[in-house]
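The structure under discussion appears below in the form of structure tokens.
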Amino acid sequence: MKLNARQVETAKPKDKTYKMADGGGLYLEVSAKGSKYWRMKYRRPSDKKEDRLAFGVWPTVTLAQARAKRDEAKKLLAQGIDPKAEQKEAQAENSGHILSKLSLVNGMLVISAGVKITDHAFYVILSFISFLILVRLTSVSSKLATC
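In the working numbering, the protein residues as written are 14 to 160.
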């Protein structure tokens with residue numbers, strides 16, 4: 014039986030984490046602390062092992078958005094593409110671009126101002142920029158899902 018928005022909203026925490034199924038592998042995971050996570054269970058096309066995707070936290074990701082993300086993942090699976098692997102490749106590609114740009118910025122700072130960013134500061138900046146990009150990609154993908 015499919016979930017409705019009211020059921021999602023009124024789901025209460027229990028002693029242990031539990032799942033509320035929506036169909037097509039999509040479910041809402043309600044933690045003992047009351048957090049609600051959208052997840053999808055699927056089988057990887059390569060080895061047929063069970064895996065799961067995380068779509069976000071309710072209420073940031075609504076029921077309709079979670080269903081749209083499930084449908085996108087199902088389309089990839091129908092083409093023989095693992096949606097989790099696809100997501101990781103996109104993130105790695107983006108972080109590679111960021112790393113090269115930060116190296117360029119670090120070099121420019123050394124040349125122009127005589128300031129060298131330490132390795133720790135470099136990775137803190139890299140982590141922050143990666144987070145900003147992830148937030149941006151998430152908002153873009155959710156906008157695409159609503160089209």
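Glycine included, each C-beta is placed from N, C-alpha and C at the ideal position.
Model, not experiment: these values are computed from the prediction.
(1) On the three-state DSSP scale, how would you describe L16?
(2) Would you report the Cα separation of S48 and W71, rounded to the nearest angstrom?
(3) Quickly, what does DSSP pair K54 with across the bridge? List them, please.
(4) Which of the three DSSP states is assigned to V21 in this structure?
(5) Return the CA-CA distance between E102 and V43, expressed in angstroms with no decimal places.
(6) Could you check which residue in W51, S59 and R56 has the C-alpha nearest to that of A81?
(7) Taking 9 Å as the threshold (C-beta atoms), are D95 and G37 in contact?
(8) Determine which residues share a DSSP beta bridge with V70 and list them.
(9) Hey, K97 and L76 are a contact pair by Cβ (cut 8 Å); roughly how many whole angstroms apart?
(10) Grab the span of the alpha helix (DSSP H) containing D84 for me, first residue to last.
(11) So the beta strand (DSSP E) K37 belongs to, where does it begin and stop?
Taking the coordinates as given:
(1) DSSP, reduced to helix, strand and coil, places L16 outside both helices and strands of the structure shown, so it counts as coil.
(2) 8 Å
(3) R65
(4) helix
(5) 29 Å
(6) W51
(7) no
(8) Y50
(9) Contact flag wrong, Cβ pair sits at about 22 Å.
(10) Here the alpha helix (DSSP H) through D84 covers L76 to A91.
(11) Here residue 37 is Gly; the residue named in the question, Lys, does not match the sequence. First-last for G37: undefined, no H or E at that position.
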